[in-house]
Amino acid sequence: AKTETVQGEKGKVIKLGMKAEQREGYEYELTVSLDMLHENKFAIPTKDRTKLFNPTGEVITKETGEKLIAWLNDGRSQEEALQAAFDEAIKRINATTDVAELGIIYSQFKGADCEAEIVSACSSRKHSLIGTHGNA
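Counting from 3, one number per residue, gives the positions in the sequence shown under the numbering used here.
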């Protein structure tokens, strides 16, 4: 591993930490991959099969670790976990009154086998929300 640096203001060299060096294609083997901003413990998921992480990023806390441990220890297969996440997402879609939340829910399932169903549910809910607000 190499130390990663950048040149800041007035040519000052700033150390960013260890440079991420991985072999090509390694990400296909992972269940979760997070890009970390160390100064504020902010993590942005680059891959998340668990559906535990906010796709726009979040601050990592003790509770984050507890959620991940619970997911690891629950014994469900990946298919069962995805089905449970899908069922929860459908409930959230039907309950939300915020169009922006629909985009967040969709982004959590982008690339998943059930993406088409999520898109359809989000689209239907969006139309009903716009219709409701448009008539108000």
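Backbone N, C-alpha and C define an ideal beta-carbon position, used for all residues, glycine too.
Item	Value
Separation of Thr52 from Glu82, as counted between CA atoms	11 Å
Every unbroken alpha helix (DSSP H) inside the segment 69-128 [4 residues or more]	80-97, 101-111
Pick from Ile16, Gly13, Lys14, Gly59 that is closest to Ser35, judged by C-alpha positions	Gly59
Three-state class that DSSP yields for Ile132 in the structure shown	helix
Per-residue burial, Tyr30 [other beta carbons within 10 Å of its own, 16 or more giving buried]	exposed
Per-residue burial, Leu74 [other beta carbons within 10 Å of its own, 16 or more giving buried]	exposed
With 16 other Cβ atoms within 10 Å as the buried cut-off, status of Ile132	exposed
Paired residues, beta bridge with Phe44 - DSSP	Leu39, Val61
Local Cβ density within 10 Å of Tyr28, reported as buried at 16 or more and exposed below that	exposed
Best match in Asp76, Val121, Gly113 for proximity to Leu103 [C-alpha to C-alpha]	Checking the sequence shown, residue 103 turns out to be Glu, not Leu. Looking at the Cα atoms, Val121 is the closest of the given residues.
Buried or exposed (CB count within 10 angstroms, at least 16 for buried), Ala45	buried
Neighbourhood of Lys128 by C-beta, 6 Å cutoff - its chain only, sequence neighbours within 5 removed	Val101, Leu104
Span separating the alpha-carbon of Asp76 from that of Arg25	31 Å
Spatial neighbours of Arg94 in its chain, beta-carbon cut-off 8 Å, leaving aside the 5 residues before and after	Glu103, Ile107
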